[in-house]
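The structure appears below as structure tokens.
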Amino acid sequence: MQNTETQQKRKKHSQFREVWKRFKRNPIAMTGLVIIVLVASLIPLAPVIAPGTDFDPGYDVQNLRYRFLPPSLQRHVIYDENGNQIGGSGRIHIFGTDNFGRDVFGRIAHGASTTLSVGFIVLAIALTIGVVLGAISGFYSGMTDNIIMRFIDIILAVPNILMALALGAVMGPGLTTIMIAVGIGAIPGYARIVRASVLSLREQEFVEAARSIGANDFRIIRRHILPNCIAPIIIEATMGLAGAILAAAALSFLGLGMTPPSPEWGAMLSLGRDFMLAGEWHMTFFPGLFIALMVFALNMVGDGLRDAFDPRLRTANISKKKFLRQTAQMRRDLAGGE
Amino acid sequence: MHKYILKRLLMMVPVLLGVIIIIFSLNYFMPACPVARRLGDAATPDQIRQGRDELGLNDPYVVQLGRFVGNIVRLDFGDSFHTGQPVTSEIAARFPNTFQLALFGVLLGLIIGIPLGILSATRQYSLFDSGATFLGLLGASIPNFWLGMMLIIVFSVNLGWLPAMGFDTPLHMIMPVTAIGTGSAAIIMRMTRSSMLENIRQDYVRTARAKGQSERVVIFRHALKNALLPIITVAGLQFGVLLGGAVLTENIFTIIGLGRFMVDSMHRVDSPVILSGVLFIALIFSFVNLAVDLLYGFVDPRIRSQYK
């Protein structure tokens, strides 16, 4: 028994190495990964990008004299007519400043940790509940399955945002509300995918073998079935993280999120909206750009992982040259047949 | 066929009942009191208690739930705490705009997504295919509310071509529908592409080509018809997503719709409106899903034969 388990471990390791090898060859997926790393590196860099004072945290250093500065690559300095420096923030506001004179890039950098941690917490909530429900539902068919799937139907029947609004009315606005609402809404996706995988694995011989040596249901699900559906779960989780970030930003845009002055990308968009018609485009453009960039990168990585994991696509993932050769051959065959 | 529809309608009952119970329970346990909220800080505890009695908020859980379900069966959704008007008429007045917005959004998605998906699949690995795939990924990633604001900044603020608010004329509709439909277009395109790619490799497509049929007939009559099922599924799901997504678009473009009403009601803790709004959308969504399932039968004779 011990021996087979160590063998399993070794095999699992090599499978991930295999996947990584294929993933590395995919330029789009690697671009996504680089973007994610760059955005994530804003978290440790935030205090450097927007240093605070003793009284203000870095994201809330206000100076009303320097409000609505347009994006610029030059240090902000104000001269008098003789060319003497008489003022200015002395800093580079690459994305401009907002209505309180706060640096937009600094706030984006400080907000990165909120946005990413909300995404990961939502993912953790939905993944845990979804995987457990899906595994139980798929493993024990019949009544249990039926009840769980009807429960999933109920969640699916209410659009995510409306569920969040209902929760918001009950719990009041706040990050917790957002995380619970988005988390609940994401459960069905994981539950369904795990259920489908478990259904197809349940009748496999290795499950029968495990049962015959006396493994109980919990052990079979945990040690034999779940490790075999790790690939679809990882892919769904990557895409799910993108969805969670998007949904959380949307809700926080609607005013369900954190209270000012804490920076959060969705809340920054909401603030920028008030000054949009006045022409202060940079207050909405940049926070939204970062949301889009993050979601885009996660989707690219998810797509890449799917290609790298999926054995069916492995054969379809042939080089363009080989594909053209094959189709040309096919066309010749067909032409010959006529 | 009638029997199938009836069966499906009956199956909707427990799901909707579940939605009612969950939403009602959430609302029942909410700490915020709508009466105190409406009467303001000057209200005495007696006034609040009296107000709660009038609205029946002091009754036990089961009694309130029973009354709520009973009223819904009689199609009485109660009055809004805020305006005092029946919720039914409040929703009826606002829903058409929301429905149009979601419907046009899906239609835009279909009009853009299907042709691009087909072109992309028939020219797999071409420059066009890579470009379309990239755009598809981009379109699915851009937050629709951000896109809406960017459209306003470009076309209303800077160019002055389109009105930034309202939903009355076709000119008003261009930006909201674009904002809400772009994501759907991208998702429908991706689905069309992968579904077409799967079908183009099938034997019957080769047979059709071998028979000497024109490429157009092969693609549209043979491949597309078989590839349609997943596309319909996605479009149906998108409709539901857009009904929810309309909340954001309506807020940005100041459209008088159900979504914006729901957000305002959330801030006002107007529970009858939230309860019935969520229930109403769930009902519409269930009907859309039923319609999609019936469409399957319309498209695919194999499925039609199972409906008996």
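Protein chains in written order, with the working numbering: chain R, 41 to 378; chain L, 20 to 327.
Ideal Cβ placement from N, Cα and C applies to all residues, glycine included.
All values reported here derive from a predicted model rather than from experimental measurement.
- The beta carbon of residue 189 (chain R) sits no closer than 8 Å to any beta carbon of chain L.
- Between the stretch 212–220 of chain L and the stretch 139–158 of chain L there are three or more inter-stretch CB-CB distances shorter than 8 Å, so the stretches are counted as touching.
- When CB distances to chain L are screened at a threshold of 8 Å, the residues of the stretch 194–218 of chain R falling below it are 194, 197, 198, 199, 200, 201, 202, 203, 205, 206, 207, 208, 209, 210, 211 and 212, in chain order.
- From the beta-carbon of residue 46 (chain L), the residues of chain R found nearer than 7 Å are 210.
- Annotated three-state conformation of residue 347 (chain R) is helix, per DSSP.
- The stretch 191–210 of chain L makes contact with the stretch 118–128 of chain L; the number of CB pairs closer than 8 Å reaches 3 or more.
- Residue ranges of uninterrupted beta strand (DSSP E) with 3 or more members are absent from the stretch 86–124 of chain L; none lies entirely inside it.
- By the Cβ-count criterion, residue 189 (chain L) is exposed, with fewer than 16 other Cβ atoms from all chains shown falling within 10 Å of its own Cβ.
- For the stretch 311–337 of chain R, the set of residues with a beta-carbon nearer than 9 Å to any beta-carbon of chain L comprises 312, 313, 316, 317, 318, 319, 321, 324, 325, 327, 328, 329, 331, 332, 333, 334, 335, 336 and 337, in chain order.
- When DSSP reads this structure, residue 131 (chain R) sits in no beta bridge, so it has no partner.
- Residue 132 (chain L) is positioned such that its CB atom lies closer than 8 Å to that of residue 204 (chain L).
- For residue 115 (chain R), the secondary structure class from DSSP, reduced to helix, strand or coil, is strand.
- Bridge partners of residue 268 (chain L) according to DSSP: none are assigned.
- Taking every protein chain shown into account, the CB of residue 168 (chain L) has 16 or more other CB atoms within 10 angstroms, so this residue is buried.
- The DSSP-derived three-state label of residue 289 (chain L) is coil.
- Among the CB atoms of chain L, none fall inside 8 Å of the CB of residue 258 (chain R).
- When DSSP states are grouped into helix, strand and coil, residue 275 (chain L) belongs to the coil group.
- Here residue 162 (chain R) is not near residue 231 (chain R), since their CB atoms are 8 Å or more apart.
- Each of L:88, L:20, L:31 and L:134 was checked against the Cα of residue 302 (chain L), and the nearest Cα belongs to L:31.
- Rounded to whole angstroms, the gap between the alpha carbons of residue 216 (chain R) and residue 182 (chain L) is 37 Å.
- For residue 137 (chain R), the secondary structure class from DSSP, reduced to helix, strand or coil, is strand.
- In the three-state reduction of the DSSP assignment, residue 187 (chain L) falls in the coil class.
- In this structure, residue 305 (chain L) and residue 197 (chain R) form a Cβ contact; the two beta carbons are roughly 6 Å apart against a cut-off of 8 Å.
- Between the beta-carbon of residue 162 (chain L) and that of residue 331 (chain R) there is about 5 Å, and that keeps the pair under the 8 Å contact cut.
- Nearest to residue 279 (chain R) by alpha-carbon distance, out of R:296, R:340 and R:324, is R:340.
- Secondary structure remark: continuous alpha helix (DSSP H) runs of at least 4 residues inside the stretch 231–276 of chain R, in chain order: 245–252.
- The beta carbon of residue 89 (chain R) sits closer than 7 Å to the beta carbons of 145, 146 and 149 from its chain, once the five residues preceding and following it are set aside; these are given in chain order.
- Along the stretch 78–105 of chain L, there is no position whose C-beta sits under 7 Å from a C-beta of chain R.
- Looking at the DSSP output, residue 143 (chain R) bridges to R:137.
- Residue state for residue 125 (chain R) is assigned as strand, using DSSP reduced to three classes.
- Comparing C-alpha distances from residue 285 (chain L) to each of R:191, R:268 and R:210 shows the shortest one belongs to R:210.
- Residues of the stretch 183–202 of chain L with a Cβ closer than 7 Å to any Cβ of chain R, in chain order: 183.
- Residue contact with chain R for residue 262 (chain L): present (Cβ-Cβ distance below 8 Å to some residue of chain R).
- Separation of residue 129 (chain R) and residue 140 (chain R) (C-alpha to C-alpha, rounded to the nearest whole angstrom) is 13 Å.
- When R:302, R:87 and R:234 are compared, the shortest CA-CA separation from residue 262 (chain R) is found for R:234.
- Cβ-Cβ distances below 7 Å link residue 170 (chain L) to 194, 197 and 198 in the same chain, with the five nearest sequence neighbours on each side left out; the list follows chain order.
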